[in-house]
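Asker:
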Amino acid sequence: MKYSVLLPTRNGGDFLENCIGTILDQPYDDIELIVSDNANTDNTQDILASISDPRLKIIRTEEPVSVTENWNRALNASSGDYILMMGDDDCLLPGYFKRMDQILEKYNYPDCVTCNGYSYINAGSLTDNAENYYKDPFYHFGLEFSEGFLSSEMRFDIVKDMFRFKVRLPLNMQPHLISRRARRYIEGDLFRPPFPDHFALNALLMHAKSWAYVPEKLIVVGVSPKSFGHFVFNNKQEEGKSYLGIEPDFEGQLPGTDLNNCMYIWLNLLKSSYHDKLQRVEIYRPGYVRRQVYSWYQKYKAGVAKSGDLAKWFGTLSLGDWWGLFSSIMDKRSWQKIGSLITSQKKGQVNQVFEGAIPLKQISNIREFADWIADKPTIENQTAK
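Counting from 1, position 208 in the sequence shown corresponds to residue 208 in our numbering; the numbering is continuous, with no gaps.
1) Which residue's Cα is closest to the Cα of A123: K376, D375, L360?
2) Using three-state DSSP, classify K135 as helix, strand or coil.
3) Please report the distance separating the alpha-carbon of D161 from that of V167.
4) I need the DSSP call for T9, collapsed to helix, strand or coil.
5) Can you tell me the Cα-Cα spacing of G80 and L319, whole angstroms?
6) Skipping 5 residues on each side, what residues in its chain have a beta carbon closer than 8 angstroms to that of L201?
7) What ranges does the alpha helix (DSSP H) occupy inside the segment 44–125, keeping only unbroken runs of at least 4 residues that lie completely in it?
8) Just tell me which of F191, I283, P110 has its CA closest to the CA of S151.
9) Does the count of Cβ pairs from the segment 89–99 and the segment 176–195 closer than 8 angstroms reach three?
10) Should D90 and V221 be called a contact, given that it needs their Cβ atoms to be closer than 8 angstroms?
11) Please work out which residues of its chain come closer than 8 angstroms, Cβ to Cβ, to I358, disregarding the five sequence neighbours upstream and downstream, and give them in chain order.
12) Taking the alpha-carbon of I103 as reference, which of E216, I283, D30, I34 has the nearest alpha-carbon?
13) With H, G and I counted as helix, E and B as strand and the rest as coil, what does DSSP make of E32?
14) Which residues bound the alpha helix (DSSP H) around I158?
15) Within the chosen definition, does the segment 56–64 reach the segment 31–44 through at least 3 CB pairs nearer than 8 angstroms?
16) When the Cα atoms are used, what is the spatial distance from Q279 to L270?
17) In whole angstroms, give me the CA-to-CA distance for F156 and I219.
18) Quick one: is the Cβ of F195 within less than 7 angstroms of any heavy atom of the ligand HEM?
19) Is DSSP giving N234 helix, strand or coil here?
20) To the nearest whole angstrom, what separates the beta carbons of R164 and Y264, a pair I think is in contact under 8 angstroms?
21) From the DSSP secondary-structure annotation, give me the bridge partner or partners of D37.
22) Between the C-alpha atoms of W372 and Q362, what's the straight-line distance to the nearest angstrom?
23) Can you check the segment 264–314 for any alpha helix (DSSP H) of at least 4 residues that lies completely inside it and give the ranges in chain order?
24) May I ask you to report which of helix, strand or coil DSSP gives H428?
25) Is A212 near Y185, with beta carbons less than 8 angstroms apart?
Structure follows, in C-alpha coordinates:
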(Lines of atoms letter the chains of each structure in order from A; the text may use other names.)
(Lines give C-alpha, C1' and ligand atoms only; values in the text may rest on other atoms or scores of the structure.)
Protein backbone atom coordinates (compact mmCIF):
# COMPACT_ATOMS: atom_id res chain seq x y z
CA MET A 1 0.00 0.00 0.00
CA LYS A 2 1.29 3.41 -0.98
CA TYR A 3 0.66 6.89 0.40
CA SER A 4 0.67 10.02 -1.77
CA VAL A 5 1.36 13.25 0.09
CA LEU A 6 0.35 16.25 -2.00
CA LEU A 7 2.21 19.49 -1.31
CA PRO A 8 1.14 22.37 -3.58
CA THR A 9 3.18 25.48 -2.86
CA ARG A 10 3.26 29.11 -3.92
CA ASN A 11 6.36 30.92 -2.63
CA GLY A 12 6.38 28.94 0.58
CA GLY A 13 10.14 28.47 0.71
CA ASP A 14 10.50 29.88 4.21
CA PHE A 15 8.28 27.09 5.54
CA LEU A 16 8.64 24.41 2.87
CA GLU A 17 11.85 22.83 4.14
CA ASN A 18 10.41 22.10 7.58
CA CYS A 19 7.24 20.62 6.12
CA ILE A 20 9.15 18.35 3.74
CA GLY A 21 11.49 17.29 6.52
CA THR A 22 8.66 15.99 8.70
CA ILE A 23 7.44 13.86 5.79
CA LEU A 24 10.64 12.47 4.29
CA ASP A 25 12.40 11.98 7.63
CA GLN A 26 9.85 9.32 8.52
CA PRO A 27 11.30 5.80 8.09
CA TYR A 28 8.61 4.68 5.66
CA ASP A 29 9.48 3.66 2.12
CA ASP A 30 6.14 3.35 0.38
CA ILE A 31 5.25 7.02 0.09
CA GLU A 32 5.54 9.62 -2.63
CA LEU A 33 5.71 13.33 -1.93
CA ILE A 34 4.33 15.37 -4.82
CA VAL A 35 5.51 18.98 -4.61
CA SER A 36 3.62 21.15 -7.08
CA ASP A 37 5.67 24.31 -7.57
CA ASN A 38 3.25 27.05 -8.63
CA ALA A 39 5.74 29.21 -10.57
CA ASN A 40 7.53 30.00 -7.33
CA THR A 41 9.93 32.93 -7.42
CA ASP A 42 11.50 32.48 -3.98
CA ASN A 43 14.06 29.90 -2.80
CA THR A 44 11.74 26.93 -3.39
CA GLN A 45 13.76 25.51 -6.29
CA ASP A 46 17.01 25.71 -4.31
CA ILE A 47 15.41 23.87 -1.39
CA LEU A 48 14.03 21.14 -3.65
CA ALA A 49 17.34 20.78 -5.51
CA SER A 50 19.11 20.15 -2.21
CA ILE A 51 16.96 17.10 -1.44
CA SER A 52 18.07 13.74 -2.78
CA ASP A 53 15.26 11.32 -2.04
CA PRO A 54 13.59 8.99 -4.55
CA ARG A 55 10.26 9.50 -2.76
CA LEU A 56 10.20 13.17 -3.83
CA LYS A 57 8.49 14.06 -7.11
CA ILE A 58 8.48 17.67 -8.34
CA ILE A 59 6.15 19.23 -10.88
CA ARG A 60 6.18 22.91 -11.82
CA THR A 61 4.20 25.51 -13.73
CA GLU A 62 6.04 28.37 -15.39
CA GLU A 63 3.10 30.74 -14.92
CA PRO A 64 1.05 31.03 -11.71
CA VAL A 65 -2.25 29.14 -11.63
CA SER A 66 -5.08 29.27 -9.10
CA VAL A 67 -4.83 27.39 -5.81
CA THR A 68 -7.55 25.01 -6.99
CA GLU A 69 -5.75 24.21 -10.25
CA ASN A 70 -2.48 23.63 -8.43
CA TRP A 71 -4.19 21.22 -6.03
CA ASN A 72 -5.70 19.25 -8.90
CA ARG A 73 -2.34 19.14 -10.69
CA ALA A 74 -0.73 17.61 -7.61
CA LEU A 75 -3.55 15.07 -7.28
CA ASN A 76 -3.39 14.09 -10.94
CA ALA A 77 0.37 13.51 -10.68
CA SER A 78 -0.03 11.09 -7.76
CA SER A 79 -0.40 7.31 -7.79
CA GLY A 80 -0.82 6.20 -4.16
CA ASP A 81 -3.65 4.17 -2.67
CA TYR A 82 -4.27 6.84 -0.03
CA ILE A 83 -3.95 10.60 -0.49
CA LEU A 84 -3.00 13.25 2.06
CA MET A 85 -3.05 16.97 1.25
CA MET A 86 -0.62 19.24 3.10
CA GLY A 87 0.16 22.95 3.05
CA ASP A 88 3.74 24.16 2.99
CA ASP A 89 3.32 25.58 6.52
CA ASP A 90 1.91 22.31 7.96
CA CYS A 91 3.70 19.19 9.13
CA LEU A 92 3.27 15.54 10.08
CA LEU A 93 4.06 14.23 13.54
CA PRO A 94 6.64 11.43 13.82
CA GLY A 95 5.17 8.00 13.23
CA TYR A 96 2.24 9.20 11.10
CA PHE A 97 2.47 6.51 8.42
CA LYS A 98 3.13 3.59 10.78
CA ARG A 99 0.21 4.63 12.96
CA MET A 100 -2.03 5.14 9.95
CA ASP A 101 -1.14 1.64 8.75
CA GLN A 102 -2.52 0.30 12.04
CA ILE A 103 -5.67 2.41 11.80
CA LEU A 104 -6.37 1.37 8.21
CA GLU A 105 -5.92 -2.30 9.05
CA LYS A 106 -8.15 -2.02 12.12
CA TYR A 107 -10.99 -0.49 10.09
CA ASN A 108 -10.53 -2.70 7.02
CA TYR A 109 -9.12 0.05 4.79
CA PRO A 110 -12.00 2.55 4.77
CA ASP A 111 -12.57 5.11 2.05
CA CYS A 112 -11.61 7.97 4.36
CA VAL A 113 -10.05 8.48 7.79
CA THR A 114 -10.28 11.61 9.94
CA CYS A 115 -7.86 12.29 12.78
CA ASN A 116 -7.05 15.30 14.95
CA GLY A 117 -3.89 17.28 15.56
CA TYR A 118 -2.50 20.57 16.79
CA SER A 119 -2.50 24.14 15.48
CA TYR A 120 0.82 25.96 15.19
CA ILE A 121 0.60 29.74 14.85
CA ASN A 122 3.80 31.19 13.45
CA ALA A 123 5.04 34.51 14.79
CA GLY A 124 3.72 37.34 12.63
CA SER A 125 0.62 35.45 11.49
CA LEU A 126 -1.55 37.86 13.48
CA THR A 127 -0.89 41.48 14.30
CA ASP A 128 0.06 40.96 17.93
CA ASN A 129 1.86 37.61 18.03
CA ALA A 130 5.58 38.27 18.20
CA GLU A 131 6.19 34.66 19.27
CA ASN A 132 4.97 31.26 18.16
CA TYR A 133 1.87 29.66 19.69
CA TYR A 134 0.19 26.28 19.59
CA LYS A 135 -3.36 25.14 20.21
CA ASP A 136 -4.36 21.73 21.54
CA PRO A 137 -6.35 20.28 19.92
CA PHE A 138 -6.58 21.63 16.40
CA TYR A 139 -10.32 20.92 16.30
CA HIS A 140 -12.95 20.37 18.99
CA PHE A 141 -15.21 17.59 17.76
CA GLY A 142 -18.70 17.33 19.25
CA LEU A 143 -19.74 14.71 21.76
CA GLU A 144 -21.45 12.78 18.97
CA PHE A 145 -18.00 11.83 17.63
CA SER A 146 -16.48 8.68 19.09
CA GLU A 147 -13.76 6.49 17.64
CA GLY A 148 -15.09 4.26 14.91
CA PHE A 149 -17.10 4.56 11.73
CA LEU A 150 -19.15 7.64 10.89
CA SER A 151 -22.43 6.31 9.51
CA SER A 152 -23.70 7.53 6.16
CA GLU A 153 -26.67 9.08 7.99
CA MET A 154 -24.39 11.03 10.32
CA ARG A 155 -22.22 12.19 7.44
CA PHE A 156 -25.23 13.43 5.49
CA ASP A 157 -26.45 15.26 8.60
CA ILE A 158 -23.03 16.92 8.80
CA VAL A 159 -23.44 18.12 5.20
CA LYS A 160 -26.98 19.36 5.86
CA ASP A 161 -25.72 21.32 8.86
CA MET A 162 -23.19 23.02 6.58
CA PHE A 163 -26.18 24.55 4.78
CA ARG A 164 -27.14 26.06 8.14
CA PHE A 165 -23.58 27.39 8.53
CA LYS A 166 -22.95 24.93 11.34
CA VAL A 167 -19.57 23.23 10.81
CA ARG A 168 -19.14 19.95 12.72
CA LEU A 169 -16.10 18.59 10.88
CA PRO A 170 -12.84 20.41 10.07
CA LEU A 171 -12.89 21.69 6.50
CA ASN A 172 -9.10 21.63 6.17
CA MET A 173 -7.78 18.68 4.18
CA GLN A 174 -4.87 17.86 6.50
CA PRO A 175 -6.81 15.80 9.11
CA HIS A 176 -8.42 13.67 6.40
CA LEU A 177 -6.80 10.74 4.60
CA ILE A 178 -8.63 9.95 1.35
CA SER A 179 -8.46 6.70 -0.59
CA ARG A 180 -8.01 6.84 -4.34
CA ARG A 181 -11.04 4.58 -4.51
CA ALA A 182 -13.14 7.30 -2.85
CA ARG A 183 -11.74 9.96 -5.15
CA ARG A 184 -13.16 8.00 -8.10
CA TYR A 185 -16.66 8.37 -6.64
CA ILE A 186 -16.52 12.08 -7.51
CA GLU A 187 -17.04 12.88 -11.19
CA GLY A 188 -14.86 15.64 -12.57
CA ASP A 189 -12.33 17.55 -10.52
CA LEU A 190 -12.23 16.67 -6.85
CA PHE A 191 -11.08 20.18 -5.91
CA ARG A 192 -13.24 23.10 -7.04
CA PRO A 193 -13.23 26.83 -6.23
CA PRO A 194 -13.64 28.95 -4.27
CA PHE A 195 -12.40 26.73 -1.40
CA PRO A 196 -11.23 23.46 -2.98
CA ASP A 197 -11.02 21.54 0.30
CA HIS A 198 -14.54 22.50 1.38
CA PHE A 199 -16.18 21.22 -1.79
CA ALA A 200 -14.11 18.04 -1.86
CA LEU A 201 -14.79 17.04 1.74
CA ASN A 202 -18.53 17.59 1.51
CA ALA A 203 -18.75 15.68 -1.77
CA LEU A 204 -16.82 12.82 -0.16
CA LEU A 205 -19.00 12.89 2.97
CA MET A 206 -21.99 12.15 0.74
CA HIS A 207 -20.36 9.55 -1.51
CA ALA A 208 -17.82 7.60 0.57
CA LYS A 209 -18.93 4.10 1.52
CA SER A 210 -16.94 4.00 4.77
CA TRP A 211 -15.39 6.72 6.92
CA ALA A 212 -13.45 6.13 10.14
CA TYR A 213 -12.80 8.69 12.85
CA VAL A 214 -9.92 8.45 15.33
CA PRO A 215 -9.35 11.20 17.92
CA GLU A 216 -5.56 10.82 17.90
CA LYS A 217 -3.38 13.81 17.06
CA LEU A 218 -1.26 12.91 14.06
CA ILE A 219 -0.76 16.20 12.22
CA VAL A 220 0.05 19.87 12.83
CA VAL A 221 -1.92 22.49 10.92
CA GLY A 222 0.16 25.63 10.52
CA VAL A 223 -0.90 29.25 10.32
CA SER A 224 1.65 31.58 8.78
CA PRO A 225 1.78 35.01 7.11
CA LYS A 226 1.13 33.22 3.79
CA SER A 227 -1.93 31.24 4.93
CA PHE A 228 -5.36 32.31 3.69
CA GLY A 229 -6.34 32.55 7.34
CA HIS A 230 -3.68 35.23 7.81
CA PHE A 231 -5.42 37.44 5.25
CA VAL A 232 -8.84 36.88 6.86
CA PHE A 233 -7.75 37.36 10.47
CA ASN A 234 -5.80 40.54 9.62
CA ASN A 235 -8.52 42.09 7.45
CA LYS A 236 -6.50 41.70 4.24
CA GLN A 237 -9.31 40.13 2.26
CA GLU A 238 -8.35 41.62 -1.09
CA GLU A 239 -4.92 40.01 -0.77
CA GLY A 240 -6.57 36.77 0.32
CA LYS A 241 -8.84 36.71 -2.72
CA SER A 242 -5.85 37.35 -4.96
CA TYR A 243 -4.00 34.49 -3.23
CA LEU A 244 -6.84 32.06 -3.97
CA GLY A 245 -7.67 33.54 -7.36
CA ILE A 246 -11.33 34.13 -6.45
CA GLU A 247 -13.85 36.97 -6.47
CA PRO A 248 -16.99 36.13 -4.45
CA ASP A 249 -20.15 37.51 -6.03
CA PHE A 250 -23.74 36.29 -5.68
CA GLU A 251 -27.23 37.71 -5.30
CA GLY A 252 -27.88 38.76 -1.73
CA GLN A 253 -24.19 38.93 -0.80
CA LEU A 254 -23.48 40.92 2.35
CA PRO A 255 -20.33 42.78 3.36
CA GLY A 256 -18.19 40.94 5.88
CA THR A 257 -15.72 38.10 5.86
CA ASP A 258 -15.20 36.25 2.60
CA LEU A 259 -15.05 33.01 4.58
CA ASN A 260 -18.83 33.27 4.80
CA ASN A 261 -19.31 34.62 1.28
CA CYS A 262 -17.24 31.82 -0.22
CA MET A 263 -19.08 29.27 1.90
CA TYR A 264 -22.34 30.52 0.39
CA ILE A 265 -20.85 30.00 -3.08
CA TRP A 266 -19.53 26.47 -2.53
CA LEU A 267 -22.80 25.43 -0.87
CA ASN A 268 -24.63 26.53 -4.03
CA LEU A 269 -22.06 24.65 -6.13
CA LEU A 270 -22.50 21.54 -4.01
CA LYS A 271 -26.28 21.69 -4.36
CA SER A 272 -26.16 22.19 -8.13
CA SER A 273 -23.62 19.36 -8.52
CA TYR A 274 -25.61 16.89 -6.40
CA HIS A 275 -29.16 18.10 -6.82
CA ASP A 276 -30.68 14.63 -6.44
CA LYS A 277 -29.12 14.16 -3.02
CA LEU A 278 -29.69 17.74 -1.87
CA GLN A 279 -32.99 18.63 -3.52
CA ARG A 280 -34.67 19.11 -0.13
CA VAL A 281 -31.76 21.00 1.39
CA GLU A 282 -31.57 24.79 1.11
CA ILE A 283 -29.09 27.37 2.32
CA TYR A 284 -30.32 28.78 5.63
CA ARG A 285 -29.87 32.48 5.03
CA PRO A 286 -30.36 33.54 8.69
CA GLY A 287 -27.28 31.47 9.51
CA TYR A 288 -25.30 33.36 6.87
CA VAL A 289 -26.62 36.75 8.06
CA ARG A 290 -25.83 35.94 11.68
CA ARG A 291 -22.24 35.01 10.85
CA GLN A 292 -21.68 38.14 8.77
CA VAL A 293 -23.11 40.40 11.49
CA TYR A 294 -20.85 38.64 13.97
CA SER A 295 -17.88 39.43 11.70
CA TRP A 296 -18.92 43.09 11.68
CA TYR A 297 -18.84 43.15 15.46
CA GLN A 298 -15.40 41.52 15.46
CA LYS A 299 -14.08 44.17 13.09
CA TYR A 300 -15.58 46.94 15.19
CA LYS A 301 -14.08 45.62 18.43
CA ALA A 302 -10.71 45.18 16.71
CA GLY A 303 -10.77 48.82 15.62
CA VAL A 304 -10.87 47.92 11.93
CA ALA A 305 -14.43 49.22 11.44
CA LYS A 306 -16.02 52.48 12.64
CA SER A 307 -19.57 53.08 13.84
CA GLY A 308 -20.34 54.57 10.43
CA ASP A 309 -19.27 51.31 8.79
CA LEU A 310 -21.65 49.39 11.05
CA ALA A 311 -24.53 51.71 10.15
CA LYS A 312 -23.76 51.27 6.45
CA TRP A 313 -23.56 47.49 6.73
CA PHE A 314 -26.75 47.15 8.75
CA GLY A 315 -28.42 49.21 6.04
CA THR A 316 -27.75 46.40 3.54
CA LEU A 317 -29.99 43.97 5.47
CA SER A 318 -33.39 43.21 3.99
CA LEU A 319 -36.56 42.92 6.09
CA GLY A 320 -36.21 39.15 5.90
CA ASP A 321 -32.61 39.39 7.05
CA TRP A 322 -33.69 41.43 10.08
CA TRP A 323 -36.37 38.88 10.92
CA GLY A 324 -33.85 36.07 10.70
CA LEU A 325 -31.41 38.03 12.84
CA PHE A 326 -33.99 38.60 15.57
CA SER A 327 -34.86 34.91 15.52
CA SER A 328 -31.25 34.25 16.53
CA ILE A 329 -32.09 35.58 19.98
CA MET A 330 -33.56 32.16 20.67
CA ASP A 331 -30.47 30.36 19.36
CA LYS A 332 -28.16 29.09 22.11
CA ARG A 333 -25.10 29.07 19.85
CA SER A 334 -25.48 32.79 19.13
CA TRP A 335 -25.21 33.63 22.80
CA GLN A 336 -22.29 31.26 23.22
CA LYS A 337 -20.49 33.01 20.35
CA ILE A 338 -21.10 36.45 21.82
CA GLY A 339 -20.00 35.33 25.28
CA SER A 340 -16.86 33.75 23.88
CA LEU A 341 -15.99 36.89 21.93
CA ILE A 342 -16.49 39.18 24.93
CA THR A 343 -14.32 36.93 27.11
CA SER A 344 -11.57 36.62 24.50
CA GLN A 345 -11.37 40.41 24.05
CA LYS A 346 -9.30 40.53 27.24
CA LYS A 347 -6.77 37.98 25.96
CA GLY A 348 -5.34 39.59 22.82
CA GLN A 349 -5.83 38.76 19.15
CA VAL A 350 -4.22 35.33 19.19
CA ASN A 351 -6.68 33.99 21.75
CA GLN A 352 -9.57 35.78 20.07
CA VAL A 353 -8.89 33.71 16.95
CA PHE A 354 -7.36 30.60 18.53
CA GLU A 355 -8.98 30.26 21.94
CA GLY A 356 -6.68 28.57 24.42
CA ALA A 357 -3.51 29.09 22.35
CA ILE A 358 -0.31 28.68 24.36
CA PRO A 359 2.91 30.63 23.68
CA LEU A 360 6.04 28.65 22.80
CA LYS A 361 9.05 30.28 24.42
CA GLN A 362 11.78 27.88 23.29
CA ILE A 363 10.39 26.65 19.93
CA SER A 364 11.50 28.46 16.78
CA ASN A 365 9.67 26.55 14.02
CA ILE A 366 6.99 23.95 13.34
CA ARG A 367 9.48 21.12 12.89
CA GLU A 368 10.92 21.71 16.35
CA PHE A 369 7.39 21.80 17.69
CA ALA A 370 6.52 18.47 16.04
CA ASP A 371 9.52 16.78 17.64
CA TRP A 372 8.79 18.38 21.01
CA ILE A 373 5.08 17.58 21.17
CA ALA A 374 5.60 14.04 19.84
CA ASP A 375 7.57 13.20 22.98
CA LYS A 376 4.42 13.62 25.09
CA PRO A 377 4.31 10.62 24.29
CA THR A 378 5.33 9.57 20.77
CA ILE A 379 2.55 8.67 18.36
CA GLU A 380 3.90 5.17 17.88
CA ASN A 381 3.21 4.51 21.56
CA GLN A 382 -0.43 5.46 21.18
CA THR A 383 -2.76 2.49 20.87
CA ALA A 384 -6.13 2.32 19.22
CA LYS A 385 -9.05 1.99 21.55
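Ideal Cβ placement from N, Cα and C applies to all residues, glycine included. Note that this is a predicted model, so its numbers are computed, not measured.
Answerer: Short version:
1) Of K376, D375, L360, the residue nearest in Cα terms is L360.
2) strand
3) 7 angstroms
4) Correct three-state label for T9: strand.
5) 52 angstroms
6) L169, L171, M173, H176
7) 44–49, 67–76, 96–106
8) Ranking F191, I283, P110 by CA distance to the CA of S151 puts P110 first.
9) Verdict: no, contact absent.
10) yes
11) Contacts found: Y133, Y134, K135, D136.
12) E216
13) Under the three-state reduction of DSSP, E32 is assigned to strand.
14) 152–162 is the span of the alpha helix (DSSP H), which, as asked, contains I158.
15) yes
16) If you draw a straight line from the Cα of Q279 to the Cα of L270, it is about 11 angstroms long.
17) 26 angstroms
18) The ligand HEM is not part of the structure shown, which contains no ligands of any sort.
19) With a pLDDT of only 47 at N234, under 50, the local geometry of the prediction cannot be trusted, and the value read off the model is given with reservation. Note: N234 maps to coil in three-state DSSP.
20) Contact flag wrong, Cβ pair sits at about 12 angstroms.
21) T9, R60
22) 10 angstroms
23) Runs found: 275–278, 285–301, 307–314.
24) Residue 428 lies beyond the range of the chain shown here (1 to 385); nothing can be said about it.
25) The Cβ atoms of A212 and Y185 lie no closer than 8 angstroms to each other.
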